[in-house]
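Read the structure below first, then the notes.
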Amino acid sequence: MKTVLFNPFKRYQENHLFLLGIAVTLLGSYLGYLFNVRFDGVLDVHFANSTSSWQPALDNLIDSYILAILLYALGMYINNKTRFIDILNITLISRIPFYLITFFNVGGAMERINSEVLNTLRTEQIPDFSTLPLNSVLTLGIFALISLLFIIWSISLLFNGFKIATNAKSTVHIILFFTLIIIAEILSKLFLNTLTNS
């Protein structure tokens, strides 16, 4: 079970992983539309008042494309036998945890809580969070913890798959990998903000 959750690339063939990756990307995009969720960054999930049908799909397309291109470039630097299909599979599968986060916003629950917190921050010079309902505070705390765990899960999938695809082993390779994740996050946000606001 641990292998399936954290390193499915050891167990399943590339064509199965690719089909699963495409399927979960389509499903995740639909869930984003259904529950008003934006994936506006490689490591980002945000809740909105409303979401156009195309926005989550565009988010996932940009996120996956940027991440796959950067990791493939690094993979070729490490090992010139690195295959793009392996990197693409890793990228698509690693996004599964983010799609699970969408269920927190069933009925707009998390968006309402976020709005309550933002209103408290905006209307008071010294925010008094004691005015927030206890269940909202607890829900926000649980959500923050689970979101952190899901981000770690996603990065673990990326890292484990990348090591297999490229045979990366050295400390330098690991540093470059995490540096590229940060760069991919920045680039994806810039691209999506530009496209959304244009």
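Residue numbers (my numbering): 51 to 248.
Note that CB positions come from ideal geometry on N, CA and C, so glycine has one too.
Selected residue, minimal CA-CA separation from residue 64, among 195, 115 and 134 | Working through the sequence shown from its first residue, we reach residue 64 at position 14. The residue with the shortest Cα to Cα distance from residue 64 is 134.
Residue 186 to residue 163 span [Cα, whole Å] = Indexing the sequence shown from 1 puts residue 186 at position 136. Indexing the sequence shown from 1 puts residue 163 at position 113. Approximately 6 angstroms, taken between the alpha carbons.
Go through the stretch 133–201 residue by residue and report every complete run of the alpha helix (DSSP H) that reaches 4 residues or more, in order.
-> Listed in chain order, the complete alpha helix (DSSP H) runs (minimum 4 residues) inside the stretch 133–201 are 134–143, 146–151 and 159–173.
Cβ-Cβ distance between residue 109 and residue 242 below 8 angstroms | The sequence position of residue 109 within the sequence shown is 59, counting from 1. The sequence position of residue 242 within the sequence shown is 192, counting from 1. Yes, they are a contact pair.
For residue 79, is the classification buried or exposed, using 16 other Cβ atoms within 10 angstroms of its Cβ as the cut-off for buried?
-> As a first step, residue 79 must be located in the sequence shown, where it is residue number 29. By the 10 Å Cβ count, residue 79 comes out buried.
Could you check the C-alpha separation between residue 203 and residue 227 for me, to the nearest Å?
-> Taking the first residue of the sequence shown as 1, we reach residue 203 at position 153. Taking the first residue of the sequence shown as 1, we reach residue 227 at position 177. Their Cα atoms are separated by approximately 16 angstroms.
Does the Cβ of residue 315 have 16 or more other Cβ atoms within 10 Å, making it buried, or fewer, making it exposed?
-> Any answer about residue 315 is impossible in this case: the structure gives the chain only from 51 up to 248.
Thinking C-alpha only, which one of 87, 156, 124 and 197 is nearest residue 225?
-> The residue given as residue 225 occupies position 175 in the sequence shown. Among 87, 156, 124 and 197, the Cα nearest to that of residue 225 is on 124.
DSSP beta-bridge partners for residue 88?
-> Taking the first residue of the sequence shown as 1, we reach residue 88 at position 38. Answer by DSSP bridge pairing, in chain order: 96.
Compare the C-alpha of residue 189 against each of 206, 160 and 146 and name the closest.
-> Residue 189 sits at position 139 when you count from the first residue of the sequence shown. Residue 160 is the option with its Cα nearest to residue 189.
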